[in-house]
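A.B. asks:
Residue numbers (the working numbering): 949 to 1145.
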């Protein structure tokens, strides 16, 4: 039997989960709107519930571990979600410890844009290239860099966090509290807000 991984994409708007083979094939998937404003306990409860749904779909699944892509800033080595602007009430949440204890499985945490960049490099349009730069536009704006097959984190783990580059001195306040961030001007959330104004 093929060993599988539980994979989660924790976004500010949507939470997606999947059971994935080591070759990248998705064998089961689920999603739900993220209860972002309800705080970390509620969202962690959602992750656990979606994992239950996935494991019910594949009751004989041999799960090797769990991978989670989450918005930054975060510390992937320590497994801590520090304070993502798109998730209310998330301050120094030890996500790896919480989920590892609950499931009894190894857990890896990575910035969502970095995880997407690595996936695109390994399985998508970047397959076969030495390096790749990836930009994502969703609830926020992020980026990831894969160089020589490795995610480039930068000195403080914030490499390619382009959503919080200041591009204008005016406009709406960003989730992070600053004015003029790229994310406040061009994210999916910002564009939707402007379209309905």
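C-beta atoms are modelled at their ideal positions from N, C-alpha and C, and glycine is treated no differently.
(1) Out of 1086, 1092, 1023, 1088, which has the shortest C-alpha to C-alpha gap to residue 1080?
(2) Name the two residues that bound the continuous alpha helix (DSSP H) containing residue 1168.
(3) Considering just the uninterrupted stretch of the alpha helix (DSSP H) at residue 993, what are its terminal residues?
(4) Could you tell me which residues DSSP pairs with residue 1034 in its beta bridges?
(5) Would you kindly check if the distance between the Cβ of residue 964 and the Cβ of residue 979 is under 8 Å?
(6) Work out the CA separation of residue 1018 and residue 1105 for me, nearest whole Å.
(7) Would you check if the stretch 1032-1045 and the stretch 1068-1077 touch, i.e. whether three or more CB-CB distances between them fall below 8 Å?
(8) Just the Cα atoms here: how many angstroms apart are residue 986 and residue 1077?
(9) Grouping DSSP H, G and I as helix and E and B as strand, with all else coil, what is residue 1098?
(10) Which residues bound the alpha helix (DSSP H) around residue 962?
(11) By how many angstroms is the C-alpha of residue 1062 removed from the C-alpha of residue 1096?
(12) Could you give the DSSP three-state label for residue 1082: helix, strand or coil?
(13) Leaving aside the five residues before and after residue 982 along the sequence, list all residues of the same chain whose C-beta is less than 8 Å from its C-beta, in chain order.
(14) Helix, strand or coil for residue 1066, going by three-state DSSP, please let me know.
(15) Can you have a look at residue 1004 and say buried or exposed, based on whether 16 or more other CB atoms are within 10 angstroms of its CB?
(16) Does the ligand ATP have a heavy atom nearer than 7 Å to the CB of residue 1097?
(17) Compare the C-alpha of residue 1130 against each of 1102, 1088, 1140 and name the closest.
(18) Report back the beta-carbon spacing between residue 1134 and residue 1085 to the nearest angstrom; my notes put them in contact at under 8 Å.
C.D. replies: Considering the structure as presented:
(1) By one-based count along the chain shown, residue 1080 stands at place 132. The option with the nearest alpha carbon to residue 1080 is 1092.
(2) The requested residue 1168 does not occur in the structure, where the chain is confined to residues 949 to 1145.
(3) Counting from one through the chain shown, the residue named residue 993 turns up at place 45. From DSSP, the alpha helix (DSSP H) with residue 993 extends over 988-1005.
(4) As a position in the chain shown, residue 1034 is number 86, starting the count at 1. In the DSSP output, where bridge partners are listed per residue, residue 1034 has none listed.
(5) Here residue 979 refers to the residue found at position 31 of the chain shown. Here residue 964 refers to the residue found at position 16 of the chain shown. Going by C-beta atoms, residue 979 is nearer than 8 Å to residue 964.
(6) Residue 1105 sits at position 157 when you count from the first residue of the chain shown. Residue 1018 sits at position 70 when you count from the first residue of the chain shown. Rounded to whole angstroms, residue 1105 to residue 1018 spans 13 Å at the Cα level.
(7) no
(8) Position 38 of the chain shown, counting from 1, holds the residue named residue 986. Position 129 of the chain shown, counting from 1, holds the residue named residue 1077. Cα to Cα, residue 986 sits roughly 41 Å from residue 1077.
(9) Along the chain shown, read from residue 1 onward, the residue named residue 1098 stands at position 150. Strand at residue 1098.
(10) Locating residue 962 in the chain shown gives position 14, where the first residue counts as 1. No alpha helix (DSSP H) holds residue 962; the beta strand (DSSP E) holding it covers 962-969.
(11) Working through the chain shown from its first residue, we reach residue 1096 at position 148. Working through the chain shown from its first residue, we reach residue 1062 at position 114. If I take the Cα positions, the gap works out to 14 Å.
(12) Your numbering for residue 1082 matches position 134 in the chain shown. In the structure shown, residue 1082 sits in a strand (DSSP, three-state: E or B).
(13) In the chain shown, residue 982 corresponds to position 34, counting from 1. The residues are 958, 959, 960, 961, 962, 963, 991, 994, 1035.
(14) Counting from one through the chain shown, the residue named residue 1066 turns up at place 118. Three-state DSSP puts residue 1066 in a helix.
(15) As a working note, residue 1004 is residue 56 in the chain shown. Answer is exposed; the Cβ neighbour count stays below 16.
(16) Looking for the ligand ATP in the displayed structure turns up nothing, as the structure carries no ligands at all.
(17) Taking the chain shown and counting its residues from 1, the one referred to as residue 1130 is at position 182. For residue 1130, the nearest C-alpha among the options comes from 1088.
(18) Looking up residue 1134 in the chain shown gives position 186. Looking up residue 1085 in the chain shown gives position 137. Between residue 1085 and residue 1134 the Cβ distance is about 7 Å, and since that is below 8 Å, they are a contact.
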